[in-house]
Amino acid sequence: VVLFGVGGVGRNVTYLLNARPGFRIVAAHSRNAALTGKDLGELAGTGPSGVKITRDRAAALAVAADVVIIATTSFLKDVYDDICSAVSAGLNVICTAEELAFPWAVDEGLANELDRLARQHQVTVLGAGLNPGFIFDALALTAAGATWNVERIAVRRVVNLSKFSATVLRRLGLGFAASEFAQLVAEGRIHGHIGFPQSMRIVANKLQVRIDRIDCRIEPLMASRVYEMPHLTVRENHSAGFVQRYAAMVDGERWFEAELIGHADPELAGFPRSDTIDILGAAPIHIEIRPGCDPQLSSTAVIANSLRRVIESAPGLVTVANLPPATPTFTLPLTLR
Ligand SMILES: NC(=O)c1ccc[n+]([C@@H]2O[C@H](COP(=O)([O-])OP(=O)(O)OC[C@H]3O[C@@H](n4cnc5c(N)ncnc54)[C@H](OP(=O)(O)O)[C@@H]3O)[C@@H](O)[C@H]2O)c1
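In terms of my numbering, the sequence shown opens at residue 1484 and continues consecutively.
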């Protein structure tokens, strides 16, 4: 495995794969100059690994490997070049960028070009993670397998955001005064969670439903106290979280609704963590996961558990709906850091 990006996800994947016989990270690339020359294992807490982090992407790709994990940013246009370089080097790709979970919705031309390039080089490109990439697409589709028909889908996630990096937290919308929050949303600089449109389109595409449009609203949850997170402190009267609602419209009706509450400490703010999926129809299904999937641990799991299925998949740009489920292979006993 070659790693692009050694932030939260990159380090967690390193830690998990260290306990997985059969998998080995052989090179790591980061744009961050402060990390150049550092030992990946030491950074990830597994002890010296002999893999030195490099800024030189081509050098990382020159090491023999099967697959690149790209865990850098959320947007298709920002990961496109990295994906193309990995594919052109003959490597499969798993990328955590939320927009890559269903990139045709973002830029059909770029998505088609990635598909063409992947087929040309006989490799597979997958956008994967927890959300999008598992809970509200792969898992929802699996659950739909036990229903007669799907009239409507409603999902809800309450998530603790405290362990994300400052970059991710600011992009999500934490740490802003109310007026600043509204302005940055209007300017497209606060995005809240990115990825519900991708999950919705993965599900709709698989169920052969045509979504007309997806509406989105986001509001801040203001702090009435100070919240100290490892990478960001939120002051009183600043956003410590947000409520985001999506509705995918089909024939003028809300067909897929999603609500996300993300917070620095959701329990303290009165929102117990959970993930729920309701598939409504003649034989409805209700799934509730309590407490909800941990954003860091479960995302890491989905990525590591996708390595085999990506390597074994037919070539092309695929979504999680095209692949068998992500499954872990034998793993040595692990303690969480
Ligand atoms: N689908 C999912 O469920 C899921 C799950 C987890 C994460 N994600 C997404 O995956 C991305 C990585 O997550 P993370 O928690 O590891 O983030 P992180 O802790 O912020 O680490 C990201 C790393 O990538 C680097 N980076 C950022 N933008 C880059 C760019 N445009 N080109 C090259 N390198 C770049 C950063 O370098 P600097 O230090 O120089 O900034 C940092 O080292 C985030 O965008 C996150 O939203 C998705």
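A virtual CB, placed ideally from N, CA and C, is assigned to each residue, including glycine.
Do residue j and residue i come within 8 Å of each other at the CB atom, strictly closer than that value?
i	j	result
T1556	V1562	yes
R1538	A1516	yes
A1731	I1697	yes
V1489	S1513	yes
F1558	E1582	yes
I1636	D1522	no
F1506	L1790	yes
F1856	R1684	A question about residue 1856 goes unanswered here, because the residues of the chain that appear run from 1484 up to 1820.
V1608	V1570	yes
T1497	I1786	no
P1615	Q1691	no
N1495	T1783	yes
I1701	V1668	yes
N1788	P1811	yes
G1610	A1554	no
Whose C-alpha, out of the options, is nearest the C-alpha of residue i?
i	options	result
A1706	G1745, I1577 and N1575	G1745
I1566	V1546, L1593 and E1740	L1593
V1651	Q1727, A1621, H1676 and G1764	H1676
L1780	S1571, E1795, F1617 and L1657	F1617
P1703	F1664, R1737, G1505 and K1689	F1664
A1510	N1788, I1794, L1559 and L1574	L1574
T1519	V1668, S1568 and F1487	F1487
L1763	F1739, L1526 and A1809	F1739
A1765	R1494, E1525 and T1630	T1630
R1639	P1774, L1715, L1526 and K1689	P1774
F1767	D1590, N1788, G1628 and I1536	Here the sequence assigns Pro to residue 1767, which means Phe is not the residue at that position. Checked all of D1590, N1788, G1628 and I1536; the closest Cα to P1767 is G1628.
E1711	T1759, G1735, Q1666 and S1645	S1645
V1793	T1818, S1757 and V1606	V1606
P1808	E1795, G1799 and T1818	E1795
V1633	C1699, R1728 and H1769	H1769
W1587	V1576, E1670, K1560 and C1776	K1560
E1771	P1713, V1641, N1720 and I1694	V1641
H1714	A1649, S1568 and E1670	A1649
L1743	T1716, C1699 and V1717	C1699
E1719	R1708, E1525 and D1590	R1708
I1694	A1741, Q1666, V1576 and G1735	G1735
A1543	G1524, L1526, I1508 and I1577	I1508
H1604	A1741, V1576 and L1526	V1576
G1799	R1602, S1568, Y1729 and V1589	R1602
V1686	Q1666, A1741 and I1536	A1741
Let me confirm a value: residue i is counted as buried when at least 16 other C-beta atoms fall within 10 Å, else exposed. Which label applies?
i	result
D1564	exposed
A1747	buried
R1820	exposed
G1528	exposed
A1797	exposed
P1755	exposed
L1749	Here the sequence assigns Pro to residue 1749, which means Leu is not the residue at that position. Result: buried.
N1643	buried
G1491	buried
G1612	buried
A1548	buried
S1662	exposed
D1758	buried
P1778	buried
V1717	buried
G1753	exposed
A1671	First, the amino acid is wrong: residue 1671 is Gly here, not Ala. The residue in question, G1671, is exposed, as its Cβ has fewer than 16 Cβ neighbours within 10 Å.
Under 8 Å between C-beta atoms, does residue i make it to chain B?
i	result
A1797	Considering every chain present, this structure includes no chain B. It has just one protein chain.
Any heavy atom of ligand 2 within a distance shorter than 7 Å of the CB on residue i?
i	result
R1514	This structure does not include ligand 2; its bound ligands are ligand 1.
Item to complete: Indicate whether the contact test is met: 3 or more Cβ pairs, each with one atom in the stretch 1528 to 1542 and one in the stretch 1500 to 1512, closer than 8 Å.
Response: yes
Worksheet item: Is the number of C-beta pairs between the stretch 1801 to 1814 and the stretch 1619 to 1634 that are closer than 8 Å three or more?
Response: yes
Practice prompt. Say whether the stretch 1579 to 1599 touches the stretch 1712 to 1729, bearing in mind that this needs 3 or more beta-carbon pairs closer than 8 Å, one atom from each stretch.
Written response: no
Discussion item. Is it the case that the stretch 1671 to 1688 contacts the stretch 1639 to 1655, given that we only count it when at least three CB pairs across the two stretches are under 8 Å?
Written reply: yes
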